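Per the numbering used here, the sequence shown runs over residues 9 to 207. For each residue, glycine too, the CB sits at the ideal point set by N, CA and C. What you are looking at is a predicted structure, and each value in this text was computed from that prediction instead of being measured. Notes to accompany the following structure.
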Amino acid sequence: MKKLALILALVLMLAACGTTAPETTVPTTTAPETTAPVETTTPAETEPEVLETEPEFVMTETQEKLDALYQAVPVELALMTETMEMALADDEMFTYLTTLTSKEGVVDASVSLPMMGAQAYHVVLVKAESAEKAGEIAQFMFDNMDMARWVCVQATEKQAVVCGDLAFFVMLDPQYGVTCDQLVEGFTGLCEGEVTIIK
9 MKKLALILAL VLMLAACGTT APETTVPTTT APETTAPVET TTPAETEPEV LETEPEFVMT
69 ETQEKLDALY QAVPVELALM TETMEMALAD DEMFTYLTTL TSKEGVVDAS VSLPMMGAQA
129 YHVVLVKAES AEKAGEIAQF MFDNMDMARW VCVQATEKQA VVCGDLAFFV MLDPQYGVTC
189 DQLVEGFTGL CEGEVTIIK
């Protein structure tokens, strides 16, 4: 009897839970949305934007060699050296930096020197049209470069090297933490072929 009453109570509970009054909704009517007509215009023809780009900087062979030299033989940062191509068209500057009185037989030339102050450090690399001409250029720079070309300071070492068609000259004061021997050794390590050292 108790079981029957219990089952009956469960059935009534389930029936009570399942019957809920249906919700009544009143349909609402709304006016359709009105949209303004979209204006279509043809875009005015515009000139394509031209971006101004600087010409790509290309390093010369002598600049690449000097940069490779500084990778092999780092020079004290305080020296602040700058490697630059020499404008072969500027006769006065070319002579000042190389001591060469003629550009005959010179294909390319770069120089590395301090950007600031009177520091006794000067490196020149010249590519010549032949190995013979490179030998003449290296010897001329070695014989004629003024080791006291700066104000108040003077180079105490100098060397020149011929490697194929390249003439390399260096003069400096070793107080900057590098010697001519080190730079010459670094340079000859980058060279292929016979090397002649002038000192």
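With respect to the 8 Å criterion, Cys-188 and Gln-167 are classified as neighbours on the basis of their beta carbons.
Under DSSP, Asp-181 takes part in no beta bridge, so it has no partner. Exclusion of the five residues before and after Val-170 leaves Ala-142, Gly-143, Ala-146 and Thr-204 as the residues of its chain whose Cβ lies within less than 6 Å of its Cβ. Within the stretch 122-156, the complete alpha helix (DSSP H) segments of 4 residues or longer fall at 139-152, listed in chain order. For Ala-76, same chain residues with a beta-carbon under 6 Å away, outside a window of 5 residues either side, are Leu-198 in chain order.
By the beta-carbon neighbour count (other beta carbons within 10 angstroms, threshold 16), Lys-73 is buried. Cβ atoms of Phe-177 and Val-132 come within 8 Å of each other, at about 5 Å. Secondary structure note for Ala-168: its beta strand (DSSP E) is the uninterrupted segment 165-171. Burial is judged here by how many other beta carbons sit within 10 angstroms of a residue's own beta carbon; Ser-110 has fewer than 16 and is exposed. Excluding sequence positions up to five before and after Thr-164, its CB lies within less than 6 Å of the CB of Asp-181, all in the same chain and listed in chain order.
In the structure shown, the three-state DSSP call for Val-114 is strand. Under the three-state reduction of DSSP output, Val-186 falls in the coil class, being neither helix nor strand. The beta-bridge partner set that DSSP reports for Phe-176 consists of Leu-133 and Val-169. In this structure Ala-175 touches Val-134 by the C-beta definition: roughly 5 Å separates them, less than 8 Å.
Taking every protein chain shown into account, the CB of Asp-99 has fewer than 16 other CB atoms within 10 angstroms, so this residue is exposed. In this structure, the beta-carbon distance from Ile-206 to Phe-148 does not fall below 8 Å. Nearest Cα to Glu-140 within the set Val-114, Cys-160 and Ser-120: Val-114.
Looking at the DSSP output, Thr-196 shares a beta bridge with no other residue. Rounded to whole angstroms, the gap between the alpha carbons of Gln-127 and Val-186 is 13 Å. Rounded to whole angstroms, the gap between the alpha carbons of Met-155 and Tyr-104 is 13 Å. Thr-204 carries a strand assignment under DSSP once its states are collapsed to helix, strand and coil.
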